[in-house]
Amino acid sequence: MEPLLQVKNLTTRFYTDDGVVHAVNGISYNLNEGEVLGVVGESGCGKSVHALSIMRLITDPPGKIEAGEVLFNGVDLLKVPDSHMRRVRGADIAMVFQDPMTSLNPVYTVGFQIMEALMVHQSISRNDARARAGELLKLVGIPGAEQRLNDYPHQFSGGMRQRAMIAMALSCDPKLLIADEPTTALDVTIQAQIIDLVKRLQENLGMAVMWITHDLGVVAELADNINVMYAGYIVERGPASAIFKHTHHPYTIGLLGSLPRLDEAPGTKLLSIPGLPPDLVMLPTGCPFAARCMYTDEQCLSAMPPLVPAESKEHLVACWHWEKIAEQVIA
Amino acid sequence: MTATQEPLVQVRNLKKYFPIQRGMVIQRHVGDVKAVDDVSFDVLRGETLGLVGETGCGKTTVGRTILRLYEPTGGQVIFDGVDLVSLNEGELRRMRQRMQMIFQDPYASLNPRMTVGSIVSSPLDVHKTVHSKNKSKRVDDLLDMVGLNPEFVNRYPHEFSGGQRQRIGIARALAVSPDLIICDEPISSLDVSIQAQVVNLLEELQRELGLTYIFIAHDLSMVRHISNRIAVMYLGKIMELADRNDIYLDPIHPYTQALMSAVPLPDPDIQRKRKRILLEGDIPSPTNPPVGCNFNTRCPAAKERCFKEDPAFREIKPGHWAACHFAEDFLQPDKKLV
Chain A
62 MEPLLQVKNL
72 TTRFYTDDGV
82 VHAVNGISYN
92 LNEGEVLGVV
102 GESGCGKSVH
112 ALSIMRLITD
122 PPGKIEAGEV
132 LFNGVDLLKV
142 PDSHMRRVRG
152 ADIAMVFQDP
162 MTSLNPVYTV
172 GFQIMEALMV
182 HQSISRNDAR
192 ARAGELLKLV
202 GIPGAEQRLN
212 DYPHQFSGGM
222 RQRAMIAMAL
232 SCDPKLLIAD
242 EPTTALDVTI
252 QAQIIDLVKR
262 LQENLGMAVM
272 WITHDLGVVA
282 ELADNINVMY
292 AGYIVERGPA
302 SAIFKHTHHP
312 YTIGLLGSLP
322 RLDEAPGTKL
332 LSIPGLPPDL
342 VMLPTGCPFA
352 ARCMYTDEQC
362 LSAMPPLVPA
372 ESKEHLVACW
382 HWEKIAEQVI
392 A
Chain B
31 MTATQEPLVQ
41 VRNLKKYFPI
51 QRGMVIQRHV
61 GDVKAVDDVS
71 FDVLRGETLG
81 LVGETGCGKT
91 TVGRTILRLY
101 EPTGGQVIFD
111 GVDLVSLNEG
121 ELRRMRQRMQ
131 MIFQDPYASL
141 NPRMTVGSIV
151 SSPLDVHKTV
161 HSKNKSKRVD
171 DLLDMVGLNP
181 EFVNRYPHEF
191 SGGQRQRIGI
201 ARALAVSPDL
211 IICDEPISSL
221 DVSIQAQVVN
231 LLEELQRELG
241 LTYIFIAHDL
251 SMVRHISNRI
261 AVMYLGKIME
271 LADRNDIYLD
281 PIHPYTQALM
291 SAVPLPDPDI
301 QRKRKRILLE
311 GDIPSPTNPP
321 VGCNFNTRCP
331 AAKERCFKED
341 PAFREIKPGH
351 WAACHFAEDF
361 LQPDKKLV
């Protein structure tokens, strides 16, 4: 089966007054139909920029997609004309953004904003669009959906706005839903509601989901596969269980160690990663994690390790020393 | 962490209402936002008390009202035997030396026009605890203590990352050698790997200097990591207060049970099998809290009594407090909601 989305050597840079920001540095992966992919990393690792690049939403200038291919159903989205891309956005690939407070337009009703997408993409009548918008709000669990279509965004709470955003994203039955930190601005109990909702919708509608987050706990529940990103590179990629149970990249190990666990023993000290992520304007020549890594040697400083299969074909890691580290972790 | 049983801070029936006013010319008082509504608890010397809850539950207001950065509407805050509410300004300022605060936003809480040196030394100038001759030595020591290079004294905040700025904020709080530090979401704007650095630093400083913390946050796993005891707030009230292990292993209040079950664990095997209590709806408005128990609009176990009577905050078992009419029922393992 051909993958739904193939990202090949995607490279995005920003030309700023302070220099060239190397935001995404040649990443490649596949996403199958109906798969849930978690993209994990800290701020500035390129996870959002890579998603915006797939959607071709990078503002140019200063941003520029310099190289690579984004094959969606075999068509390279980076090469198609703008008019084609407009048909893809919202219809085939939909996106939910982090901040539900600012991603809805405050001067239009929520109903109108959902109907707008439907009328643009599906050329249906106003009344049909309204009926469908009501159904969608009901689907995402907003009580009194029909009446709430006339409400303005400020009349919705944060969790409800995010539900409305999801309703809008689902309006044209997308094949891929990109969710960019959709629960980061929400409280845990509301986050649990949204995760549950997306999981249910994904199972029922069978769409693929790319869930971008910095919270490993969230992807532990949802994701089939996980991409761990650092400084614009994918440093580790694999099935969720492999990433959590057979962690190979020292960055992923550090990230997991930094998280206190609700079920940890008292007095456990957190394994923090020393130092800071590198400046993306002046990326080091070798591995970008070398400066913070305890296994660094000369090879790490001179060349970026390729993303290669570790134990299995699916589990990839970009580290020169993953085998040595794996032995030590077991010992 | 050696917590003695002697309380450093005793909070009694603390209330903070923010008035709502209507009218452009003649201001009428039409209601109150009950941000903190009758909250009582102790903070023991040398311990870390975690204060958790969702947005708008009043946890930050509790912290600020304890320091009298907000004037309390009612109640007492007894700090080392002295009621802070009754002090006049001069007396309060002298007491403030002993209690400091670390703020949430390391970008907004440092003056961009001041150098790191002057930021860290300004509490010393206000309280005149250190002779001006020794001031620069003290600043160097403080920066060293929080893991910053003392050569940075002449730099400005914009030259630092979020985690480093938070370290500057910590150095400033430590400058006057306080007994109590209120940490108001000190890590929530930082990245995961940097969060761990700052939490480890706070723990080390507590061990070395014998500090007492009130640690306010919404990240339950981090709060459980750092705290000895945890208070869970909801809509201006404390719902449950217990030892860090009890609150996780044996939560009594239905809200705490739901909150604990909603925290995602970084382990796919456990996380996928876990049962969760999904709370319906949102937090009600604190201007018009529900009659009876504050949690009755979302509680999966609410009964008739919960809509009539406000439950008392009482000790259910030694050291474990909760505000629920049916707390005794939830003590039994088979009656838990999960």
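Protein sequence lines, in the order shown, are assigned to chains A and B. Going by the working numbering, the residue at position 289 of the first sequence is 350; the numbering climbs one at a time, nothing skipped. Going by the working numbering, the residue at position 320 of the second sequence is 350; the numbering climbs one at a time, nothing skipped. Built from N, CA and C at the ideal position, the CB exists for glycine as well.
- Straight-line spacing of the CA atoms in A/Leu-323 and A/Glu-282 works out to 15 angstroms.
- The beta carbons of A/Ala-178 and A/Met-221 sit about 18 angstroms from each other, so the pair does not count as a contact at 8 angstroms.
- Secondary structure of B/Tyr-264 (DSSP, three-state): strand.
- Inter-residue distance for B/Pro-49 and B/Phe-71 is about 25 angstroms (C-alpha atoms, whole angstroms).
- Setting aside the 5 residues that flank it on each side, B/Thr-159 is surrounded in the same chain by Val-206, each with a C-beta closer than 6 angstroms to its C-beta; the list follows chain order.
- Using a CB distance cut-off of 8 angstroms, A/Thr-163 does not count as an interface residue toward chain B.
- Taken through DSSP and simplified to helix, strand or coil, A/Pro-370 comes out as strand.
- Of the candidates A/Pro-142, A/Tyr-76, A/Ala-284, the residue whose Cα lies closest to the Cα of A/Glu-96 is A/Ala-284.
- A/Lys-330 reaches chain B at Asn-230, counting residues in chain order whose Cβ is nearer than 7 angstroms.
- Scanning chain A for C-beta atoms nearer than 7 angstroms to the C-beta of B/Tyr-278 yields Leu-323, reported in chain order.
- Within chain A, the residues Gly-278, Ala-281, Arg-322, Leu-323, Asp-324 have their CB atoms less than 8 angstroms from the CB of B/Leu-295, given in chain order.
- Selection A/Ser-373, A/His-111, A/Asp-143, A/Val-81 evaluated against A/His-307 yields A/Ser-373 as nearest (Cα-Cα).
- Not a single CB atom of chain A sits nearer than 8 angstroms to the CB of B/Arg-197.
- Burial state of B/Met-269 is buried, judged by a 10 Å Cβ sphere holding 16 or more other Cβ atoms.
- Contacts between A/Glu-103 and chain B, judged by CB atoms closer than 9 angstroms, involve Asp-221, Val-222, Ser-223, Ile-224 in chain order.
- Within the stretch 248 to 270 of chain A, contact with chain B at the beta-carbon level (separation under 8 angstroms) is assigned to Asp-248, Val-249, Thr-250, Ile-251, Gln-252, Ala-253, Gln-254, Ile-256, Asp-257.
- The DSSP-derived three-state label of B/Ser-116 is helix.
- No residue range can be given for A/Met-62, since it is assigned to no beta strand (DSSP E) and is classified by DSSP as neither H nor E.
- Against B/Met-252, the close residues of chain A are Pro-321, in the order they occur along the chain (beta-carbon pairs closer than 7 angstroms).
- Against chain A, the CB of B/Gln-227 has a partner CB under 8 angstroms away; the residue lies at that interface.
- Inside the stretch 283 to 361 of chain A, DSSP marks whole alpha helix (DSSP H) runs of 4 or more residues at positions 301 to 306, 311 to 319, from first to last along the chain.
- Residue contact check for A/Phe-305 against chain B: a CB pair falls below 8 angstroms.
- Chain A places no beta carbon closer than 8 angstroms to that of B/Thr-317, leaving this residue out of the contacts.
- One finds Val-249, Thr-250, Gln-252, Ala-253 in chain A with Cβ atoms closer than 8 angstroms to the Cβ of B/Ala-292, taken in chain order.
- Excluding its 5 nearest sequence neighbours in each direction, A/Ala-206 has C-beta neighbours in its own chain below 7 angstroms: Gly-195, Leu-198, Lys-199, listed in chain order.
- Within chain A, no C-beta atom comes nearer than 8 angstroms to that of B/His-355; the closest sits roughly 21 angstroms away.
- Considering only A/Pro-243, A/Tyr-169, A/Pro-204, A/Ala-152, the residue with the shortest C-alpha distance to A/Gln-183 is A/Ala-152.
- Taken through DSSP and simplified to helix, strand or coil, A/Trp-383 comes out as helix.
- Between A/Leu-237 and A/Leu-118, the gap from beta carbon to beta carbon reaches 8 angstroms or more.
- When the beta-carbon positions are compared, A/Ala-351 and A/Leu-362 come within less than 8 angstroms of each other.
- A distance of 8 angstroms or more separates the beta carbons of A/Val-296 and A/Gly-99.
- With fewer than 16 neighbouring CB atoms inside 10 Å of its own CB, B/Lys-163 falls in the exposed class.
- Contact between the stretch 341 to 352 of chain B and the stretch 261 to 278 of chain B is present, with at least three C-beta pairs closer than 8 angstroms.
- Of all residues in the stretch 72 to 106 of chain B, the ones placed with a Cβ closer than 8 angstroms to any Cβ belonging to chain A are Glu-84, Thr-85, in chain order.
- Using a C-beta cut-off of 8 angstroms, the stretch 94 to 103 of chain B makes no contact with the stretch 323 to 335 of chain B, since fewer than three inter-stretch Cβ pairs fall below that distance.
- In summary, B/Leu-79 is buried, with 16 or more beta-carbon neighbours lying within 10 Å of its beta-carbon over all protein chains present.
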